[in-house]
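Chains as they are written, first to last, in the UniProt record's numbering: chain A, 1 to 101; chain B, 1 to 574.
Note that beta-carbon positions come from the ideal geometry of N, C-alpha and C, so glycine has one too.
All figures in this text were calculated on a predicted structure; none of them were measured in a lab.
These notes concern the structure reproduced below.
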Amino acid sequence: MPIETRRSDDGKTLTICVEGRFDFSTHQSFRDAYEHSEPTVSHYVIDLSDTTYLDSSALGMLLLLRDHAGGDGARISIENCNSDVRRILSISNFEQLFSIR
Amino acid sequence: MKVLLAEDSASDRLILARLVKRLGHTVIEAEDGTEAVDLFRETQPDLVLLDALMPRMDGMEAARQIKALAGERLVPLIFLTSLSGAGDLARCLEAGGDDFLVKPYNRVILEAKINAFNRMRGLHQALSDQRDHIRRQNQQMLDEQRTARRVFDNIAHTGCLDAPNIRHHASPLSVFNGDVLFAAQRPGGGTLVFLGDFTGHGLPAAIGAMPVAEIFYGMAAKGFGAPDVLREINRKLRRILPVGMFCCGLMVEADFKHNSLRVWNGGLPDGWLLRAGGDRVAIPSRHLPLGVREPDQFSASMTVLDAAPGDWLVMMTDGLPEAPNSGGESLGEEGVLSVLAGLEPGQEPFEALLERMQQHTGKPELADDLTLCCLQMVRAEAPEAMPDKIPESALTGPADWRCVYELREQTLADFNPLPLLLHICMEVPGLRSRSGEVYTLLSELYNNALEHGVLALSSEWKTSPGGFSRYYQERTRRLGNTDGHFIRFSLEHQPREGGGTLTVVCEDSGDGFDFTEYSDTVMQQQAASTGRYAGRGLEILRRMTRNLKVHGRGNRVEIVYDWWFPDAAIISGA
Numbered sequence: 001m002p003i004e005t006r007r008s009d010d011g012k013t014l015t016i017c018v019e020g021r022f023d024f025s026t027h028q029s030f031r032d033a034y035e036h037s038e039p040t041v042s043h044y045v046i047d048l049s050d051t052t053y054l055d056s057s058a059l060g061m062l063l064l065l066r067d068h069a070g071g072d073g074a075r076i077s078i079e080n081c082n083s084d085v086r087r088i089l090s091i092s093n094f095e096q097l098f099s100i101r
Numbered sequence: 001m002k003v004l005l006a007e008d009s010a011s012d013r014l015i016l017a018r019l020v021k022r023l024g025h026t027v028i029e030a031e032d033g034t035e036a037v038d039l040f041r042e043t044q045p046d047l048v049l050l051d052a053l054m055p056r057m058d059g060m061e062a063a064r065q066i067k068a069l070a071g072e073r074l075v076p077l078i079f080l081t082s083l084s085g086a087g088d089l090a091r092c093l094e095a096g097g098d099d100f101l102v103k104p105y106n107r108v109i110l111e112a113k114i115n116a117f118n119r120m121r122g123l124h125q126a127l128s129d130q131r132d133h134i135r136r137q138n139q140q141m142l143d144e145q146r147t148a149r150r151v152f153d154n155i156a157h158t159g160c161l162d163a164p165n166i167r168h169h170a171s172p173l174s175v176f177n178g179d180v181l182f183a184a185q186r187p188g189g190g191t192l193v194f195l196g197d198f199t200g201h202g203l204p205a206a207i208g209a210m211p212v213a214e215i216f217y218g219m220a221a222k223g224f225g226a227p228d229v230l231r232e233i234n235r236k237l238r239r240i241l242p243v244g245m246f247c248c249g250l251m252v253e254a255d256f257k258h259n260s261l262r263v264w265n266g267g268l269p270d271g272w273l274l275r276a277g278g279d280r281v282a283i284p285s286r287h288l289p290l291g292v293r294e295p296d297q298f299s300a301s302m303t304v305l306d307a308a309p310g311d312w313l314v315m316m317t318d319g320l321p322e323a324p325n326s327g328g329e330s331l332g333e334e335g336v337l338s339v340l341a342g343l344e345p346g347q348e349p350f351e352a353l354l355e356r357m358q359q360h361t362g363k364p365e366l367a368d369d370l371t372l373c374c375l376q377m378v379r380a381e382a383p384e385a386m387p388d389k390i391p392e393s394a395l396t397g398p399a400d401w402r403c404v405y406e407l408r409e410q411t412l413a414d415f416n417p418l419p420l421l422l423h424i425c426m427e428v429p430g431l432r433s434r435s436g437e438v439y440t441l442l443s444e445l446y447n448n449a450l451e452h453g454v455l456a457l458s459s460e461w462k463t464s465p466g467g468f469s470r471y472y473q474e475r476t477r478r479l480g481n482t483d484g485h486f487i488r489f490s491l492e493h494q495p496r497e498g499g500g501t502l503t504v505v506c507e508d509s510g511d512g513f514d515f516t517e518y519s520d521t522v523m524q525q526q527a528a529s530t531g532r533y534a535g536r537g538l539e540i541l542r543r544m545t546r547n548l549k550v551h552g553r554g555n556r557v558e559i560v561y562d563w564w565f566p567d568a569a570i571i572s573g574a
């Protein structure tokens, strides 16, 4: 599975790991990962340690998650990006919308 | 199912025909290969049973001819043979046979084989039908895209992309890959260029591109500057695009009169300003793409760069740095930069980049999802009369009027009044053909009043290399406090035989210049001797008007502008 999720013990943080290419092919499974999450989740972590590539449709999916998580009030961190992935996020200035670590 | 049976032995033929008929199929009988081929042509059977050894034409040759006649249609061909050597059997299959049945015939095996091939035939038919269906659909989609492209062209037209100082590469169907490229002349001279890249492909991208084209061309023609156009595009896209879809873009406003560029990059690869002297200035993405932020959070703040005639501005969508070569590697932004760094003096970046791309991909044709545009700074020309024909309503509309429009306080920082003032003037019958000149008059007056009057900026800063950016930083800073300030336009128009006279008085609350009353002659000398920007601006006004007067402390400028119908004969004859 290219997408895996895990929940923190207190149920408040949902971590979504994307493996390999984060592009349109992961669209449905990425959506499923957060749409069926528990209502207790208040913080999302997108773990991109194993993501090799990210395209503009992935940026769109991140915006969809942000919208789902409350828009401007959403708490989403994007973590462990490799340099290519990081570059794509920063060209689009996504650090203005997400906390990228 | 229709089965063609070719067998020279009458008894074998009789037995086999009976067997096949009993399975519920129709049988067409042939006595040799030649007859088999003829009957095949006539009756178009679904399956062929063919004896390998026959007089006149043997089964091998008949099989070859039948397969050739069948073409794309799958007609299973089963050899009937008493041969049993592996080599002989293999030859049957090589000749186009799909299987063989060894004599004496076994009813059970014959039935199983016929059924198996019937299933295969059905499968093949279904696949062919689906393929034809997809082919038709694809053809229909391409036809629709071509039609949609024509509709899009009517809205987006090519603007001034064909101007001699613009070089661009965009695929004819690029809009369906989400790329858009627009360029327009601004009414007072100067050029506005927008390069955009929508997320996604196909119809959604093309639909999003439509309003962007309308906004861009509509607002550019009315004299709006880049920040206003960007804000409007963002507002519109934010409203119409679903969340997750957006448009990366780079907007450039080139001012040839004042040799400056205003640029904004949201999500596209670095653009580049290549100075004729060899300097390269990156134009990195500093903003979120269009359609992501709510209007109140959107930043249209532009970066101002000084530029001189001969300088090139290069912008591209990510299809260029990301285009793969045969090994799947892309050129990267580093590759783009190395091309730009290796330019010979006088070499055009457009040609060099295209050449490098062709080398990289090994294909003469560039992929259709990359767009490249290069804009060269040129010397300012006197604004030309707009080529528009005089509208039918040329003789109706306000021709004799006066109005006063005053901007105060914070509005001075937030609002650009030029499109509105231009709009008022353009209502005068016939004056539309002079929109470029009128825009220049209004913008020179306004910029002079705002920058040198209200904000008290010294134009001398702009003449030194470091001073240019200081000038614009200071401009932004001082716009933060416009308390107690105003700019007042008093516009008056009177019709005359064959044209009219527009009088504009522009007053501001600034301290003015350090002179009391400047006559035309003094103005001219001042402009020539110091080359000061304020002098230059007023010099432009002086040349375009019948009369220019600077009153008071230099914070009240009056111009009288006479104009004539482009072709007075048409008007008087109408």
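Per the Cβ contact rule, the stretch 31 to 45 of chain B is not in contact with the stretch 77 to 94 of chain B (fewer than 3 Cβ pairs under 8 Å). With its beta carbon less than 8 Å from one in chain A, B/M245 belongs to the interface. B/G342 is not a Cβ neighbour of B/M315, given a cutoff of 8 Å.
Scanning chain A for C-beta atoms nearer than 8 Å to the C-beta of B/V292 yields L63, L97, reported in chain order. Residues are counted here when their Cβ sits less than 9 Å from a Cβ of chain A; for the stretch 422 to 454 of chain B the count is zero. The three-state secondary structure of B/G249, taken from DSSP, is strand. With 16 or more other CB atoms across the displayed protein chains lying within 10 angstroms of its CB, A/S57 is buried.
Taking a beta-carbon distance threshold of 8 Å, B/G319 does not count as an interface residue toward chain A.
In the displayed model, B/R293 falls within coil according to three-state DSSP, outside both helix and strand. Residue burial is scored here from C-beta neighbours: B/R543 has fewer than 16 other C-beta atoms within 10 angstroms and is therefore classed as exposed.
Taking B/H201 as the centre and dropping the five residues before and after it, the same chain places the C-beta of F176, N177, G178 closer than 7 Å to its C-beta, in chain order. For B/P398, there are no C-beta contacts with chain A under 8 Å, since the nearest C-beta of that chain is about 46 Å from it. Contact between the stretch 353 to 371 of chain B and the stretch 315 to 325 of chain B is established, with three or more Cβ pairs separated by less than 8 Å. In the three-state scheme derived from DSSP, where H, G and I count as helix and E and B as strand, B/Y561 is classed as strand. According to the DSSP secondary-structure assignment, A/L62 is paired through a beta bridge with no residue. Around A/D67, the beta-carbon contacts reaching into chain B at under 9 Å are V243, G244. Sequence-distant partners of A/M61 (beyond 5 residues in either direction) whose C-beta falls short of 7 Å from its own C-beta, in its chain, are H27, F30. Taking the Cβ atoms as the reference, B/T81 lies roughly 7 Å from B/K103, within the contact range of under 8 Å. Taking 4 residues as the minimum length, the alpha helix (DSSP H) runs contained wholly in the UniProt domain "STAS" (18 to 101) of chain A are 27 to 35, 56 to 68, 83 to 91, in order along the chain. Spatial neighbours of B/E111 in its own chain (CB-CB distance under 7 Å, excluding positions within 5 residues in sequence) are listed in chain order as L23.
CA-to-CA, the gap between B/I78 and B/A116 works out to about 12 Å.
Collapsing the DSSP output to three states places B/L203 in a helix. Residues of chain A with a Cβ closer than 7 Å to the Cβ of B/H287 are, in chain order, N93. At a cut-off of 8 Å between beta carbons, B/C248 contacts chain A. Interface flag for A/G60 against chain B is set, since a Cβ pair is found closer than 8 Å. Out of B/V560, B/R402, B/S260, B/E451, the CA that lies nearest to the CA of B/G190 is found in B/S260. For B/N547, the secondary structure class from DSSP, reduced to helix, strand or coil, is strand.
Where B/F486 is concerned, the enclosing beta strand (DSSP E) starts and stops at 486 to 496.
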